Amino acid sequence: MGRLIKNHLARLVVMSAGVYQIVAAISGLFWPKIFFDFFSRSLDPLVKPVPILQVLNLLIGFTMIAWEWPLGMIAGSALHRSIVARMVFLPVAVL
Numbered sequence: 001m002g003r004l005i006k007n008h009l010a011r012l013v014v015m016s017a018g019v020y021q022i023v024a025a026i027s028g029l030f031w032p033k034i035f036f037d038f039f040s041r042s043l044d045p046l047v048k049p050v051p052i053l054q055v056l057n058l059l060i061g062f063t064m065i066a067w068e069w070p071l072g073m074i075a076g077s078a079l080h081r082s083i084v085a086r087m088v089f090l091p092v093a094v095l
């Protein structure tokens, strides 16, 4: 029973992180300079003319949500069941 609760809690944490990443990406699309200038000016080429970072974060956020709360065609597939694929993808999503 404890493993089931921990697994469900981990899924909820990943889904809430995905939602937060989607909201942050949408906010970054509307206010790119305010959102990214506090960190460094070196990110300006990735943010200002073409919103590369924002779109990348949006795609990763949607991927995290789709992986943890899958549609019928994704649920039960080998990629959805693979813990190794999740362990590889989630640290990459943090970057």
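For what it's worth, full-length UniProt numbering labels the leading residue of the sequence shown as 1, then goes sequentially. For each residue, glycine too, the CB sits at the ideal point set by N, CA and C. Being a predicted model, the structure only gives us computed values, none of them experimental.
For this session: In angstroms with no decimal places, state the Cα-to-Cα distance between P51 and A10.
Result: Counting from one through the sequence shown, the residue named residue 51 turns up at place 51. Counting from one through the sequence shown, the residue named residue 10 turns up at place 10. Spanning the alpha carbons of P51 and A10 requires a straight line of approximately 30 Å.
Exercise. Taking the continuous alpha helix (DSSP H) assigned at I52, which residues delimit it?
Worked result: For this step, residue 52 is matched to residue 52 along the sequence shown. Residues I52 to E68.
Exercise. From S42 to V14, what does the alpha carbon distance come to, in whole angstroms?
Worked result: One-based indexing of the sequence shown puts residue 42 at position 42. One-based indexing of the sequence shown puts residue 14 at position 14. Taking the Cα positions, S42 is about 29 Å away from V14.
For this session: Put P49 into one of helix, strand or coil per three-state DSSP.
Result: Sequence index remark: in the sequence shown, residue 49 carries index 49 (1-based). If DSSP states are grouped into helix, strand and coil, P49 belongs with coil.
Problem set entry | Three-state secondary structure assigned by DSSP to I22 | Taking the first residue of the sequence shown as position 1, residue 22 is located at position 22. It is helical.
Exercise. Beta-carbon of A85 versus every beta-carbon of chain C: anything under 8 Å?
Worked result: Given the protein chain composition of this structure (a single chain), no chain C is represented.
Exercise. With distances taken from CA atoms, which of G61, I83, A78 and L71 is nearest residue 96?
Worked result: Summary: the structure shown does not reach residue 96, with the chain confined to residues 1 through 95, and so no result is reported for it.
Exercise. Between the region 20–34 and the region 53–67, do three or more beta carbon pairs fall short of 8 Å?
Worked result: yes
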